[in-house]
Amino acid sequence: PDTIIRLIRSGIQIFDSSICTLLTNRGRALPSPLISNVEPKLLFERSTTETIDDDDDPNPSIILDLNNISFKNSDRLISNKCKCYTCNNGFTRSYINHLLKRNEINSRILLQIHNHYVLTEFFKRIRLIIIDGCFDQLLVNSNVLDDKFSQPQPPSSTTMTSLPNGK
């Protein structure tokens, strides 16, 4: 997600990615939401440590590896703030962990639904932030201002509103 924000900053306006499928095939779930609904700020964090089931964090900000044994007995949803079919219908981390261990196709279906929903909501939120003129604030709040990509070319709200149905 932070790379996508940097790419948008550099002028990229169209994305085609297999990230959802790659994550799903590895038994991983995106955190939800990726961007705060209160302020323009990225909630995603990169982690180099193994994912554990943290009872103090019902809304993780790192990618969850649901293959991990720590999820075997977790009765929590992937994220309690997520409104996707998977989270909204009570499919728990332990249930998905069980399905993954048994190599059941439903594990991939539930994760794919979740990951696509999260990424779709991420892009919807970015569009609204651009239209509201708060993209620079998102960059500052998310600490993604660096020289990794070329000169910034902030997206214009006219480009974003010219999308089909204005969405």
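Take the sequence shown: its position 128, counted from the start at 1, is 128 in the UniProt record's numbering, and no numbers get skipped.
Glycine is no exception: its CB is placed at the ideal position from the N, C-alpha and C atoms.
Computed from a prediction, not measured in an experiment: that's the story for all the values here.
Non-local beta-carbon contacts of residue 44 in its own chain, meaning distances under 7 Å to residues more than five positions away in sequence, involve 1, 2, 31, 34 and 61 in chain order.
Residue 101 and residue 88 have their C-alpha atoms spaced approximately 23 Å apart.
Between the alpha carbons of residue 111 and residue 104 lies a distance of about 12 Å. Residue ranges of uninterrupted beta strand (DSSP E) with 3 or more members are absent from the UniProt domain "tRNA-guanine(15) transglycosylase-like" (1-139); none lies entirely inside it. Residue nearest to residue 83 within the set 7, 132 and 121 is 121 (criterion: CA-CA distance). Out of 123, 130 and 97, the CA that lies nearest to the CA of residue 16 is found in 123. Residues of the same chain with a CB within less than 6 Å of the CB of residue 67, apart from the 5 flanking positions on each side, are 27 and 100 in chain order.
The three-state reading of DSSP puts residue 143 in coil, since its state is none of H, G, I, E or B. The beta carbons of residue 95 and residue 113 sit about 14 Å from each other, so the pair does not count as a contact at 8 Å.
Residue 12 sits exposed, since fewer than 16 C-beta atoms from the chains shown fall within 10 Å of its C-beta.
When only Cα atoms are considered, residue 64 and residue 77 end up about 11 Å apart.
In summary, residue 142 is buried, with 16 or more beta-carbon neighbours lying within 10 Å of its beta-carbon over all protein chains present.
The alpha carbon of residue 129 has as its nearest neighbour, out of 10, 37, 18 and 97, the alpha carbon of 37. Taking C-beta separations shorter than 7 Å and ignoring five residues to either side along the sequence, the partners of residue 137 in its chain run 40, following chain order. 109 is the residue among 132, 139, 109 and 133 whose C-alpha sits nearest the C-alpha of residue 22.
Nearest to residue 19 by C-alpha distance, out of 4, 10, 91 and 132, is 4.
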